[in-house]
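**Student:** In the numbering used here, the protein residues as written are 26 to 208.
Don't be surprised by glycine CBs; every beta carbon is placed ideally from N, CA and C.
Sending over a structure as structure tokens; questions will come in a sec.
Dropping the structure here:
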């Protein structure tokens with residue numbers, strides 16, 4: 026069973042639309058203005074793909090939705106539709122879109138558990154945190170904020186390398202170079 030593929034049929038377009046509606050009212054900077062619904066959908070799809078890859082490595086009994094049918098009143102599809110359109114979840118998913126950092130995993134996990142209890146969905150609790158973490162990390166990496174962060178980090182490292190050409194950065198490949206320094 027691939028529960029997140031069920032999400033793609035209905036909820037991903039709805040999530041993209043909902044997030045763009047929320048973000049459009051919050052004042053965008055010029056880079057974020059270029060964001061489209063398909064960009065948001067791609068970020069959500071990246072989260073879905075990350076979860077699918079992780080689930081392939083698990084035994085069936087370790088899957089988050091092992092005890093839950095895919096469809097029906099108490100099915101995974103309906104649950105995920107409700108979860109990803111929950112206002113608290115949308116608020117967290119919009120954070121990277123309005124330069125407020127990563128979505129809060131604790132809030133997402135708490136809402137996930139509350140929605141599961143409300144809908145009588147039995148979850149594998151051991152898989153909940155890794156499931157949320159993989160989704161959030163992949164989602165964040167495919168948003169504009171992450172790209173801006175990577176550019177800023179690269180720029181910062183280059184500036185440091187120019188100023189301190191004899192400094193060696195552990196874990197960061199920054200070549201040293203001779204540059205005239207202003208005093």
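Go ahead and pull the three-state DSSP assignment for residue 115.
**Tutor:** Stepping through the chain shown from its first residue, residue 115 is reached at position 90. If DSSP states are grouped into helix, strand and coil, residue 115 belongs with the helices.
**Student:** Please state whether DSSP places residue 187 in a helix, a strand or coil.
**Tutor:** Indexing the chain shown from 1 puts residue 187 at position 162. Note: residue 187 maps to helix in three-state DSSP.
**Student:** Alpha helix (DSSP H) containing residue 134: first to last residue?
**Tutor:** As a working mapping, residue 134 is identified with position 109 in the chain shown. Taken as a continuous stretch (DSSP letters only), the alpha helix (DSSP H) holding residue 134 covers 130–143.
**Student:** Please name the residue in 157, 184, 187 and 173 whose C-alpha comes closest to that of residue 125.
**Tutor:** Taking the chain shown and counting its residues from 1, one reaches residue 125 at position 100. For residue 125, the nearest C-alpha among the options comes from 173.
**Student:** Quick one: any contact between the stretch 99–109 and the stretch 158–170, if contact means 3 or more CB pairs under 8 Å?
**Tutor:** Too few Cβ pairs lie closer than 8 Å, so no.
**Student:** CB-CB under 6 Å to residue 143, same chain, minus the five flanking residues each way: which ones, in chain order?
**Tutor:** One-based indexing of the chain shown puts residue 143 at position 118. So the list is empty, once near-sequence residues are dropped.
**Student:** CB-CB under 7 Å to residue 117, same chain, minus the five flanking residues each way: which ones, in chain order?
**Tutor:** Taking the first residue of the chain shown as position 1, residue 117 is located at position 92. These residues qualify, in order along the chain: 128, 129, 132 and 133.
**Student:** Find the nearest neighbour of residue 156 within the set 175, 166 and 77, judged by alpha-carbon distance.
**Tutor:** Indexing the chain shown from 1 puts residue 156 at position 131. Residue 77 is the option with its Cα nearest to residue 156.
**Student:** Just confirm the distance between the C-beta atoms of residue 6 and residue 84, as a whole number of angstroms; I'd bet it's less than 8 Å.
**Tutor:** With the chain represented from 26 up to 208, any question about residue 6 goes unanswered, as that position is not in the structure.
**Student:** Please name the residue, chosen from 69, 145, 146 and 94, that lies closest to residue 110 on a Cα-to-Cα basis.
**Tutor:** Within the chain shown, residue 110 is the residue found at index 85, counting from 1. Ranking 69, 145, 146 and 94 by Cα distance to residue 110 puts 69 first.
**Student:** My guess is that residue 89 and residue 153 are in contact by the Cβ rule of under 8 Å, so how many angstroms apart are they, rounded?
**Tutor:** The residue given as residue 89 occupies position 64 in the chain shown. The residue given as residue 153 occupies position 128 in the chain shown. So it is a contact: roughly 6 Å between Cβ atoms.
**Student:** Buried or exposed for residue 80, going by 16 or more other Cβ atoms inside 10 Å?
**Tutor:** Numbered from its first residue, the chain shown carries residue 80 at position 55. The residue is buried, with at least 16 neighbouring Cβ atoms inside 10 Å.
**Student:** Quick one, are the C-beta atoms of residue 166 and residue 71 less than 8 Å apart?
**Tutor:** Numbered from its first residue, the chain shown carries residue 166 at position 141. Numbered from its first residue, the chain shown carries residue 71 at position 46. Yes, Cβ-Cβ distance for residue 166 and residue 71 is below 8 Å.
**Student:** By DSSP, does residue 53 sit in helix, in strand, or in coil?
**Tutor:** Here residue 53 is taken as the residue at index 28 of the chain shown, counted from 1. The predicted model places residue 53 with a pLDDT of 47, which falls under 50 and marks its position as unreliable; any figure quoted below should be read in that light. In the structure shown, residue 53 sits in coil (DSSP, three-state: anything other than H, G, I, E or B).
**Student:** Tell me the residue span of the alpha helix (DSSP H) that contains residue 154.
**Tutor:** Counting from 1 along the chain shown, the entry for residue 154 is found at position 129. 150–166 is the extent of the alpha helix (DSSP H) around residue 154.
**Student:** So, helix, strand or coil for residue 107, using DSSP?
**Tutor:** As a working note, residue 107 is residue 82 in the chain shown. Here residue 107 sits in helix by DSSP.
**Student:** If you drop the 5 nearest sequence neighbours on each side, which residues of the same chain put their C-beta closer than 7 Å to that of residue 114?
**Tutor:** On the chain shown, position 89 is the one that residue 114 refers to. Once the five neighbours on either side are set aside, the close Cβ partners of residue 114 are 108, 133 and 136.
**Student:** Hey, residue 146 and residue 104: beta-carbon distance below 8 Å or not?
**Tutor:** Taking the first residue of the chain shown as 1, we reach residue 146 at position 121. Taking the first residue of the chain shown as 1, we reach residue 104 at position 79. For residue 146 and residue 104, yes; Cβs fall inside 8 Å.
**Student:** Measure from the alpha carbon of residue 119 to the alpha carbon of each residue in 93, 64, 106 and 181, then state which is nearest.
**Tutor:** As a position in the chain shown, residue 119 is number 94, starting the count at 1. Taking only the C-alpha atoms, the option nearest residue 119 is 64.
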